[in-house]
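Numbering (this note's numbering), first residue to last: 1147 to 1230. From the three backbone atoms N, C-alpha and C, an ideal C-beta is built for every residue, glycine too. As structure tokens, the structure follows; a few thoughts come after it.
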């Protein structure tokens, strides 16, 4: 099976890695990631309280806190991700 695929050259692999790095460091990807993390944590909290309202409030709180932490760290470190 391995013989059916041709090997990529070093430059092709480097270009692919640069494109992946650009996508992974984009602000939209980071905020989507924060959104998903907020949903997972809010589901975990809402199960213990048995309330959908508490889960929704927890999601907004977690998303806001994580977004604020990201924003403050990017400003403090002066190393914000590449622009889209």
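Collapsed DSSP secondary structure at residue i in the structure displayed
i            : result
residue 1196 : coil
residue 1155 : coil
residue 1174 : helix
residue 1224 : coil
Per-residue burial, residue i [other beta carbons within 10 Å of its own, 16 or more giving buried]
i            : result
residue 1188 : buried
Straight-line gap, residue i to residue j (C-alpha atoms, nearest Å)
i            : j            : result
residue 1156 : residue 1165 : 14 Å
residue 1160 : residue 1212 : 32 Å
residue 1172 : residue 1220 : 13 Å
residue 1178 : residue 1163 : 21 Å
residue 1199 : residue 1193 : 11 Å
residue 1168 : residue 1158 : 15 Å
Distance CB(residue i)-CB(residue j) smaller than 8 Å
i            : j            : result
residue 1204 : residue 1191 : yes
residue 1176 : residue 1209 : no
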